[in-house]
Structure formats: C-alpha cells, structure tokens
RNA sequence: GGGCCCAUAGCUCAGCGGUUAGAGCGACUCCCUCAUAAGGAGCAGGUCGCAGGUUCAAAUCCUGCUGGGCCUACCA
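Now the structure itself:
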C-alpha cells in the first residue's frame, strides 16, 4: 500500500511558532505510523512563497526578497527538524521549477475545459494596504478598514476567474459518495451547508503590474500564455500537493502517488481544500484527494497565539528545554485534534513528570534494572509458570495495540495515547502484584521470576513500537536499553504476536528515559 | 444577519437516552522498596451553564437564554 500525506504550506512571513508545529507533528506521527505499518509512505510539506506578503516581509526585515525566502526556508526547516518532523519533499513555490510547471499546467487544463475565463473584477483598492475591499468591508465613511483616514479608489481590472459556481452539485455528490472525505465529520457538515448556500466564482490571477518585481521578473508564477497576469494563490499554492506527486513531468509517478491520501490542514482553510481544490482538480480532469483532515487551533496559556502581542513560543526553544519527544507527546496528548486546545507550560510539566518520567520512563528503568540485577542482564524466557496475571497483561497489551491503531486511523491522537497508556499502567501494576524483588530472594520462585521479568520486558517492547510514531528518539532509546535491534519498516504488525521478544538478548545500562526536571539532584 | 462548535469534579477532559455520572492530574490515607523521592491500593470531590419541554427514564433528545470560540466566499 502507498500512503501520500501532506500538510499545508506556510507563508514565510516570520519564523514558525508552536501552533504551526502542531499540524506538522500530527502529520508526521501519521506518516511514521504508516511507515511502521510497512506502507510506502510519502510525506510532503513546504513554503508558500509567492504571496505578495512575502516581499513586504522582506522589506520589513531589511532584506532582499530572495535573501529573505532563503533565510525563512532555513528557519522553517530547522524548526521542523528540531521537532523531528520528517518530510520526504519540502516544496518552495517560488524556487522549485517543477512547481511552476505544475501550476501552469493545471491552470492550462482548467482553461481548456472552459472552467477558467477572463472577467472583470471590481473593488475598492487601498494603496496603503495594497488590497481590494468590497463595499461591505469599508468603514461607514467609506474608508479603508485598516487605514481609516484613507479613502480607497474604485477600480476595475481584468482577471481570470474559476467557474466554481458550476461545481456545487458535483461537490455535494462527492461528499455523499465519500463520507470520510472530510474528517472530523463536523467539518463535512460545515462544508455541506456552505455548498447548499451556493458558490460564487473566484478570481485566480492578478495583473502583473501589481506584482513586486524581483530580479527583473514579477514575483509569482506567470499565467500561461498571458504575460499580463500572474497566478493568484489558488492555482499556485494548492497545486503544491500535485507537484510533489510528479505532475506534470512524470505521469508514471503521478499514477503511483496521486491522489493524495490525506491533506492535513487547519480549520481556517477548510473551504479552500474541500471546495476550491476538488473543483479545480475536477475541472482539470485530475482525481480528487481521498481525505482532508482538519485540526483545530492552539492557544498559548489560554490566549490567542499572536506575533503582534508577543504571545508565541519558538518550538526550538521548547525542544531545548524538554526534548522533541516530550513536546510531540504533550501536544498530541493534551491538545485534541478535532477542536481548539491550549498549550500550557504547567500542563506540559505535569504530563512530562507524571506520564513520561514516572509512568513510562520509570517502568523501563525498574525493568532494565531488575533484569540486570537478578538475571545478569539476560532477558529471561517465560518459564511456563504463568497465571491469570500474565494472561491479563497480554490481553491488555493486545487491546492497547489494536486501540492505538484504530485511533490513529481515525485521527484520534489522545485516544491512541490513552489506549497505549492502559498497558503502561497495567505493566506497573503487574510488577507490583508480582513483587519480583521478593521472588528473587527465593530460589524456588526462580521460574516465576523469569516469567514476570519477561512479561514486563515484552510489554515494554510493544510499547516501544506503538509509541515510535509519537516519540521516535525515546523509543529508539527504549529499544537500545532493552537490547533490541532498531525497528524496521513494518514492525508494527510484529506486535500481533505477544512473546516475540528475541532470545538471548542482554539489556543495557538503566538510564532515565525522561529525567525528572522538577527535582534538584542531591537534595 | 446566516451557519457551526463548546459549556460535566479544583484543573484537563471522557461519557451523547437506561443500574449509585467516569478517567488522569492535584489533595488526603495506607502498602511496597526493583526503580527517575518513582510504583501500587484506597478515600474525598459534581444540583453534568441556566430555564422550559419530550419520555417510564435526559449529562445525553427538542426549544429558548447566557457565556466562550470559529466560519461567512478576495488574499490560507
């Protein structure tokens, strides 16, 4: 099976903050999950560089436009790398020539199909904002909403339009035929009611004279066959998903990867991905993506994340303090995907200490330590002295793995972690019930001790697989401490069989997986 | 104006028609000592936003209200 997943491409106006990271981490977890299931996985991210906001941001930062986008590219990539987000392709819409070809080809096909046409665009243009407004947007005095002393000019300009209004019925039919096209389903209802109100055509180009000139050329992708216009955001940005599949240069590659399996996006751009994008593809005769997964927004300490108020956190700094695994765990455990959630330092600390250090980390530590102490580091084989406690542990484990899988397939990250944690909890209980430290003092209980130590190690082996998509580094460390080889693609399916802990394995040195940060050493 | 979401224990949330409303964190009590002052058990804590209605039965369905948030088509 192939699996092609994308995230939204971001405006390189400023460095990304923790809110941007949430979407990328969520998509990365799903990409890693599919790789672990043995799927041939392709994960695409990128930057939306062609907006006219980008030259403005360059100006504001006293940099040339090219210099600025290169700088932002490095900044974004560094941020994503720091949170262990692992795209296979990172598109830059102003730099990658295959993307320009893809955008122009998609436009050309929609034009040939008669769904792109030239029309007259009218509006009130504020020269200060460089923006068009409709009458309803202006202040009662007829002034620009952002510059209340300026009266915008009434302007008409020729633009290309996309005939979205023709697609209402086809889009509704698509929603009917594909109930999981939009998840969570609340967003499908939102889009459905939008469609039922009827659609208006939208403009897909801008006159070239309003575009910034960079290196002697207008900033943006030229409209094919019309040097007076550049593509406006829709045919330029959304198309990146298609570019990464090889469109239009490599039809064999497109055949293999397209349609995309999932576009992961924020709730603010649902309409563009669930209405505009499928209609554009339909017009061009290209298959529609299988699914759009819509996430909510993140607040920071209860407040809207905003550059202007300074309410932001740099993910790189968070990673330096807590480690990438903990940040990934926290945002997916505490911020629900399907609605808005809050990033809160106190809760991060609590999750880190309670879930990661005390529950999971300490389970590994006590297990590796006991195997070292009582069995010279050699992970024992189960002895056959098993009882209800052992079968219960196994049953919980099997249910945890199945639960995690079901939740991940449904974009329920906190549900998946909840399911996995039932085994973390049960394994700690199992250790306490069996009191291996007492078994170790009685030679007659040696066989039972083997079973108990093996069972605990086996629980940890499974945990280290199921948690790998969330916490890749910590899980590799778990496997190392357990004496296991690194995971291979397809490792997830191994866990169907409890008891496949390799024979003759020697554990490593017990080292805290998530050191407590709230305790001062030596006090 | 229209459409949509949310409101449940101190905190974060689950439950979405049917026994005394659940979990985690935090508080308190006890047990254990392998372990990162970690682990386990127990206990306490809620007129399920407010007001009506439907039903044998409502946190759960309907209506209205209050408070918070989002979208409303052209700039993600």
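Numbering (the working numbering), first residue to last: 27 to 549.
The beta carbon of each residue, even a glycine, is placed where N, CA and C say it ideally should be.
Of the residues the options, the one placed nearest residue i, counting alpha carbons only
| i | options | result |
| --- | --- | --- |
| residue 150 | 132, 122, 182, 389 | 182 |
| residue 214 | 184, 320, 225, 325 | 320 |
| residue 66 | 529, 528, 514 | 514 |
| residue 32 | 39, 41, 56 | 56 |
| residue 465 | 459, 475, 456 | 475 |
| residue 83 | 62, 357, 125, 40 | 40 |
| residue 327 | 94, 28, 205, 339 | 339 |
| residue 293 | 28, 34, 531 | 34 |
| residue 3 | 252, 86, 306, 402 | Here the chain has residues from 27 to 549 only, and residue 3 is not among them. |
| residue 224 | 191, 143, 260, 96 | 191 |
| residue 325 | 46, 37, 27 | 46 |
| residue 63 | 543, 509, 491, 499 | 491 |
| residue 355 | 523, 109, 86 | 109 |
| residue 228 | 284, 203, 141, 178 | 141 |
| residue 75 | 99, 68, 88 | 99 |
| residue 203 | 121, 317, 538 | 317 |
| residue 408 | 147, 526, 253 | 526 |
| residue 301 | 283, 216, 119, 390 | 216 |
| residue 378 | 428, 544, 251, 295 | 544 |
| residue 92 | 422, 239, 343 | 239 |
| residue 467 | 148, 401, 510 | 401 |
| residue 295 | 259, 276, 332, 312 | 259 |
| residue 250 | 134, 414, 314, 261 | 134 |
| residue 487 | 542, 179, 512 | 512 |
| residue 247 | 119, 424, 314, 398 | 119 |
| residue 298 | 79, 234, 263 | 263 |
Residue j beta carbon less than 7 Å from that of residue i
| i | j | result |
| --- | --- | --- |
| residue 572 | residue 533 | Since the displayed the chain opens at 27 and closes at 549, residue 572 lies outside it and no answer follows. |
| residue 256 | residue 286 | no |
| residue 369 | residue 44 | yes |
| residue 481 | residue 416 | yes |
| residue 309 | residue 128 | no |
| residue 220 | residue 197 | no |
| residue 266 | residue 51 | no |
| residue 188 | residue 145 | no |
| residue 113 | residue 71 | yes |
| residue 364 | residue 210 | yes |
| residue 201 | residue 226 | no |
| residue 540 | residue 387 | yes |
| residue 341 | residue 105 | yes |
| residue 485 | residue 529 | no |
| residue 405 | residue 517 | no |
| residue 450 | residue 385 | yes |
| residue 346 | residue 337 | no |
| residue 420 | residue 284 | no |
| residue 448 | residue 428 | no |
| residue 95 | residue 38 | yes |
| residue 230 | residue 261 | yes |
| residue 185 | residue 147 | yes |
Residues bridged to residue i [DSSP beta-bridge criterion]
| i | result |
| --- | --- |
| residue 185 | 145 |
| residue 69 | 31 |
| residue 476 | Answer is none; residue 476 lacks a bridge partner. |
| residue 129 | For residue 129, which the question treats as bridged, DSSP gives no partner whatsoever. |
| residue 372 | Looking at the DSSP assignment, residue 372 forms no beta bridge with any residue, so it has no partner. |
| residue 55 | Its beta-bridge partners do not exist; DSSP assigns none. |
| residue 462 | DSSP, once it has assigned bridges, lists no residue as partnering residue 462. |
| residue 430 | Answer is none; residue 430 lacks a bridge partner. |
| residue 329 | 326 |
| residue 36 | 73 |
| residue 231 | 257 |
| residue 209 | 319 |
| residue 118 | 73 |
| residue 290 | 33, 319 |
| residue 296 | Note: residue 296 sits in no beta bridge, so no partner. |
| residue 337 | 332 |
| residue 532 | 404 |
Any non-hydrogen atom of the ligand ADP closer than 6 Å to residue i Cβ
| i | result |
| --- | --- |
| residue 378 | Among the components modelled here there is no ligand, and therefore nothing to report on the ligand ADP. |
For the segment 342 to 362 against the segment 487 to 503, are there 3 or more C-beta pairs whose distance is under 8 Å? yes
Tell me, please, whether the segment 46 to 65 touches the segment 272 to 292 by the rule of three or more beta-carbon pairs shorter than 8 Å. yes
If we require 4 or more residues per run, which alpha helix (DSSP H) segments fall completely within the segment 348 to 413? 350 to 360, 371 to 377, 388 to 401
Stretch pair the segment 115 to 134 + the segment 260 to 272: three plus CB contacts closer than 8 Å: yes
At which residue ranges does the segment 233 to 277 contain complete alpha helix (DSSP H) runs of 4 or more residues, listed in the order of the chain? 266 to 269
Entirely within the segment 481 to 529 and at least 4 residues each: give me those alpha helix (DSSP H) ranges in chain order. 498 to 507
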